[in-house]
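Worksheet: the structure to be examined is printed underneath.
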Amino acid sequence: MAKRGRLEIIRDILTIIRDSHSIKFTPLLRKANLSSLRFKEYLSEIMTKKFVIETIDKKNEKFVSLTEKGASFLEQYRTIISFIEEFEL
Amino acid sequence: MPPIIQGFIELGIGAEIIYSFVIIICSLMIYFGTKEIYELSSYKGIKYFRRAFLFFAIAYFFRSFIKFILLGFSSWDIPPHIPGAIFEGLTIFIFLYFSSMAIFYLLYGVMWRKWNGDKTKIIIFHLLAIIISLASILFVNKLVHIMLNAFLLLFVISIVYIAHRNRQNSSKHNNFYIVYILLLIFWIFNILDILIPRFFQGIQLFGYLVSSGIFLTILYRVIKKSGK
Chain A
1 MAKRGRLEII
11 RDILTIIRDS
21 HSIKFTPLLR
31 KANLSSLRFK
41 EYLSEIMTKK
51 FVIETIDKKN
61 EKFVSLTEKG
71 ASFLEQYRTI
81 ISFIEEFEL
Chain B
90 MPPIIQGFIE
100 LGIGAEIIYS
110 FVIIICSLMI
120 YFGTKEIYEL
130 SSYKGIKYFR
140 RAFLFFAIAY
150 FFRSFIKFIL
160 LGFSSWDIPP
170 HIPGAIFEGL
180 TIFIFLYFSS
190 MAIFYLLYGV
200 MWRKWNGDKT
210 KIIIFHLLAI
220 IISLASILFV
230 NKLVHIMLNA
240 FLLLFVISIV
250 YIAHRNRQNS
260 SKHNNFYIVY
270 ILLLIFWIFN
280 ILDILIPRFF
290 QGIQLFGYLV
300 SSGIFLTILY
310 RVIKKSGK
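Chains A and B, in that order, give the protein sequences. Its first residue numbered 1, the first sequence is counted upward by one per residue in the numbering used here. Its first residue numbered 90, the second sequence is counted upward by one per residue in the numbering used here.
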């Protein structure tokens, strides 16, 4: 299997979150198929860019869910990849 | 009358302004049209691609609008103690620096993955752009200008071609590098057109039309791909 690029990994993480509506960190890490170190890096990036938001429920458990900006990234993902390929960037 | 103004008058102020206007508008539309996909992706290739077109817009602003001011200097009875040559040299320096950096940013955008995002190359490119700009205004010999630009053209085209060959082996076929190479050829055309005013006498308008065509082609592809 080919190594995933940075944008592809972000898309995969956001897709998992979108499909689950909101998800805890541990199952997200498992489904993202990344080492915990790389997962932390990507999670920090998508949180800094406000693609996801952290929420805490009544049982004091932490969840992440997709923001509008995160949904916009998923919508534009094909366009971004096609732009990069078109201009050989 | 300084040679830059002489060359300017020969083709006509209208053609010069329309040409620069087309390049500036295309470049700014490319820059702002790719803002959203860059902000979402933070992809370095897109960052340098956008910066290249911002620099093109700045370069062409100085190319024409300061030339317009220079023309004013020759016709508005400016006192002789204000030397036009200083303004001419400054204009050429700014135009050459920004247009060279535009090309280098485009080159870096195509090569950044191969160069592992090494930022020292950007510093080297800034230094190279300053050296090119200074050499172009300090040496008045036409042969020096031609040799310097021929070397630059070969250097940049070979890097773009190598990058394209490497990419062809790993991903799908794309012929956009031909547009990049044409852009590089017309970058040299514009530099020589500024430095040696009569060098392209007779084909200057044709050159302007083809240059505009290249920028319009890139803009069309950007709009098509970015959906903006």
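We put the beta carbon where it would ideally sit given N, CA and C, even for glycine.
Cut-off 8 Å between Cβ atoms - residues of its own chain near residue i, not counting five sequence neighbours on either side
i, result
"Leu-223/B", "Phe-182"
"Tyr-250/B", "Tyr-266 and Ile-270"
"Ile-10/A", "Tyr-42, Glu-45, Ile-46, Phe-51 and Phe-73"
"Phe-289/B", "Phe-278, Leu-281, Asp-282 and Gly-296"
"Tyr-197/B", "Tyr-137, Trp-204, Lys-210, Ile-211 and Phe-214"
"Ala-146/B", "Ile-112, Ile-113, Ser-116, Leu-117 and Tyr-120"
Distance, residue j Cα to residue i Cα
i, j, result
"Ile-56/A", "Lys-62/A", "5 Å"
"Asn-238/B", "Leu-117/B", "26 Å"
"Gly-302/B", "Asn-205/B", "33 Å"
"Met-190/B", "Ile-53/A", "39 Å"
"Leu-179/B", "Lys-31/A", "59 Å"
"Leu-216/B", "Lys-58/A", "59 Å"
"Leu-242/B", "Ala-252/B", "15 Å"
"Ser-36/A", "Leu-29/A", "7 Å"
"Asn-255/B", "Ser-300/B", "27 Å"
"Thr-67/A", "Phe-304/B", "37 Å"
"Phe-83/A", "Ile-135/B", "9 Å"
"Gly-109/A", "Leu-14/A", "For chain A, the structure presents residues 1 to 89; residue 109/A sits outside this window and is missing."
Amino acids of chain B, ordered along the chain, whose beta-carbon sits closer than 7 Å to that of residue i
i, result
"Phe-87/A", "Phe-138 and Phe-265"
Residue i: contacting residues in chain A (beta-carbon distance under 9 Å)
i, result
"Arg-152/B", "Simply none; closest approach about 24 Å."
"Ala-146/B", "Going along chain A, no residue has its Cβ under 9 Å from Ala-146/B, so there is no contact; the nearest lies around 18 Å."
"Leu-129/B", "Lys-49, Phe-51, Lys-69, Ser-72, Phe-73, Gln-76, Tyr-77 and Ile-80"
"Ile-119/B", "The contacting residues do not exist; Ile-119/B stays about 10 Å from chain A at best."
Sequence-distant residues of its chain with Cβ nearer than 7 Å to residue i (five each side left out)
i, result
"Ile-106/B", "Ser-153"
"Leu-185/B", "Ile-221, Ser-222, Ser-225 and Ile-280"
"Leu-308/B", "Cys-115, Met-118 and Ile-119"
"Thr-306/B", "Val-268"
"Ile-219/B", "Tyr-186"
"Gly-122/B", "Val-311, Ile-312, Ser-315 and Lys-317"
"Ile-246/B", "Ile-270 and Leu-273"
"Tyr-194/B", "Tyr-137, Arg-140, Ala-141 and Phe-144"
"Ile-248/B", "Leu-196 and Met-200"
"Lys-231/B", "Ile-285"
"Trp-276/B", "Ser-188 and Ile-192"
Contacts around residue i, its chain only, beta-carbon distance under 6 Å, and the 5 residues preceding and following it disregarded
i, result
"Ser-22/A", "Phe-63 and Ser-65"
"Tyr-149/B", "Ser-109, Ile-112 and Ile-113"
CB contact below 7 Å: residue i versus chain E
i, result
"Ile-23/A", "Absent from the structure is chain E; the protein chains it does hold are A and B."
Listed by chain order, chain A residues near residue i by CB distance under 7 Å
i, result
"Ile-126/B", "Gln-76, Thr-79, Ile-80 and Phe-83"
"Gly-316/B", "Thr-79"
Amino acids of chain A, ordered along the chain, whose beta-carbon sits closer than 8 Å to that of residue i
i, result
"Ala-252/B", "Glu-88"
beta-carbon residue i near the ligand GTP non-hydrogen atom, thresh 6 Å
i, result
"Ile-307/B", "Although the ligand GTP was asked about, the structure shown includes no ligands whatsoever."
Q | Near-chain B residues of the stretch 61-85 of chain A (beta-carbon distance less than 7 Å), N- to C-terminal order | A | If the cut-off is 7 Å between Cβ atoms, the stretch 61-85 of chain A has Ser-72, Phe-73, Gln-76, Thr-79, Ile-80, Ser-82, Phe-83, Ile-84 and Glu-85 near chain B.
Q) Residues in the stretch 132-144 of chain B with C-beta within 7 Å of chain A's C-beta atoms, listed in sequence order? A) From the stretch 132-144 of chain B, only Tyr-132, Gly-134, Ile-135 and Phe-138 have a Cβ closer than 7 Å to chain A.
Q. What are the residues of the stretch 7-27 of chain A that lie near chain B, defined by any Cβ-Cβ distance shorter than 9 Å?
A. Flagged, chain order: Leu-7 and Ile-10.
Q | Any alpha helix (DSSP H) of 4 or more consecutive residues that is wholly inside the stretch 199-259 of chain B | A | Whole alpha helix (DSSP H) segments, 4+ residues: 209-227 and 231-259.
Q) Curious, which full-length alpha helix (DSSP H) runs of at least 4 residues does the stretch 15-74 of chain A contain? A) Here the runs fully enclosed are 25-32 and 36-48.
Q: Could you run through the stretch 184-210 of chain B and flag, in chain order, every residue whose CB is less than 7 Å away from some CB of chain A?
A: Hits within the stretch, in order: Gly-198 and Val-199.
Q: Within the stretch 266-313 of chain B, note down every full beta strand (DSSP E) run reaching 3 residues or more, in order along the chain.
A: Within the stretch 266-313 of chain B, no complete beta strand (DSSP E) run reaches 3 residues.
Q) If you measure beta-carbon to beta-carbon, which residues of the stretch 277-295 of chain B are closer than 8 Å to chain A? A) Residues: none.
Q: Name, going along the chain, the residues of the stretch 295-309 of chain B whose beta-carbon falls closer than 9 Å to a beta-carbon of chain A.
A: So the list reads Ile-307, given in the order they occur along the chain.
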